[in-house]
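Written out below as structure tokens is the structure these notes cover.
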Amino acid sequence: MGIHGEHRRLVMRADDSGRWFDDFRVGQRFETEGYTFTESSIIDFALQYDPQYFHLDRERAAESIYGGLVASGFHTLAVVFRLIVQARVFGSGNIGGKGMDDVRWQRAIRPGDTLRVTCEVLELLPSSHPQRGNMRMSFRASNQRDETALIGVLMPVIQRRPVAE
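Residue numbers for the sequence shown follow this note's numbering, so the first one is -1 and each next one is one higher.
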């Protein structure tokens, strides 16, 4: 199967929760599985997207304020979003997002750290389009010691439940 077929299958699998905008409630919480960062995944991401020495060079990173190799904050954010999507948090009606607010990196991620994400619905807002709604959802990524690594607020756009014909 070509890459497009694999991609299509993954997208369908990731959005099959049956949850639409109308099914969310303020205060509703979701938790994801974990993701463990490896030295090679940290370096590979940094080589492509954030080539700073403390993400790439073990020896120089040891002399930095981090005292060792750390993941890029953008790598951490990408993993957090992957975990949220894989957990089907946004449901069947996810059609994108309007942005993020208050993103804060609070703890460096090192090789061997495992992140999990907790999300909470903060607001459900009407849209100018009657077939969709806007959500504000906080997220908190914490490591294996339950130390907060990354926080922020996502603003997904979610379809309303389709009307049966």
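Glycine included, every Cβ here is placed at the ideal spot set by N, Cα and C.
On a predicted model such as this, the values are computed, not experimentally measured, just so you know.
- State the CB to CB distance for the pair V119 and M135, rounded to an integer number of angstroms; the pair is presumed to be in contact (CB under 8 Å). 5 Å
- Item | Which of helix, strand or coil DSSP assigns to L54 | helix
- Please report the residue range of the beta strand (DSSP E) in which S39 lies. No beta strand (DSSP E) contains S39, which is instead part of the alpha helix (DSSP H) from E37 to Y47.
- At least 3 beta-carbon pairs within less than 8 Å: the region 102 to 110 vs the region 29 to 40: yes
- Item | L123 versus M98 - alpha carbon distance | 15 Å
- Task: Go ahead and label I63 buried or exposed: buried means 16 or more other beta carbons lie within 10 angstroms of its beta carbon, across all protein chains shown.
- Result: exposed
- Per DSSP, T112 forms a beta bridge with which residues? T34
- Considering only C-alpha positions, which residue in the set Y51, S70 and R58 is nearest to F43? S70
- Is the CB-CB distance between P154 and N92 below 7 Å? yes
- Who are the Cβ neighbours of R58 in its own chain at under 8 Å, not counting the five residues just before and after it? Y51 and F52
- Message: Quick test of your reading: W103 and L148, contact by CB under 8 Å. State the CB separation rounded to the nearest angstrom.
- Response: 6 Å
- Whole-Å CB distance - F72 paired with D48, under 8 Å assumed: 6 Å
- Item | Beta-carbon separation (whole angstroms), R117 vs V83, contact threshold 8 Å | The amino acid at residue 117 is misidentified as Arg; the sequence shows Cys. With a Cβ gap of about 11 Å, C117 and V83 do not count as contacting.
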